[in-house]
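Input: a single structure, listed below in structure tokens.
In our numbering, the protein residues as written are 9 to 114.
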């Protein structure tokens with residue numbers, strides 16, 4: 009379980025968006041550890057390890073998350089615009105346009 013957990017973390021933190029399949033592959037291996045169990049799930053873990061090792065790496069998401077956390081801690085936040093159901097921002101375009109398909113859109 010520990011290795012599966014580390015693979016899922018590695019897929020997000022170190023591979024990130026450089027390989028969009030990294031997280032699903034690692035998550036599938038972690039799921040296999042739970043459902044199949046060891047020692048059989050060693051093959052699933054190996055599959056994920058090889059995939060992650062060969063994947064391109066990007067820490068852009070991790071850097072962005074920590075930059076955002078730093079901004080919040082330093083009080084560098086802007087106002088969140090009041091956009092959503094029940095606000096005036098939806099009135100000009102029509103709230104129903106966002107919740108139902110029109111016939112010509114289907």
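Every residue gets a Cβ at the ideal spot worked out from N, C-alpha and C, and that includes glycine.
Neighbour-count burial assignment, residue i, 16 or more Cβ in a 10 Å radius
i          : result
residue 15 : buried
residue 50 : exposed
residue 30 : buried
residue 19 : buried
Cβ-based neighbour list, residue i, same chain, cut-off 6 Å, excluding 5 preceding and 5 following
i          : result
residue 21 : 70
residue 56 : 15, 33, 34 and 37
residue 40 : 49 and 52
Own chain residues within Cβ distance below 7 Å of residue i, not counting five before or after
i          : result
residue 11 : 53
residue 17 : none
residue 75 : none
From the options, residue whose alpha carbon lies closest to that of residue i
i          : options      : result
residue 45 : 9, 18 and 85 : 9
Contacting residues, own chain, Cβ-Cβ under 8 Å from residue i (five flanking each side not counted)
i          : result
residue 64 : 23, 26 and 27
residue 79 : 85
residue 77 : none
### the stretch 19–39 touching the stretch 54–63, judged by at least three CB pairs closer than 8 Å
yes
#### Entry: Touch test, the stretch 68–79 against the stretch 21–28, Cβ-Cβ under 8 Å, three pairs minimum
yes
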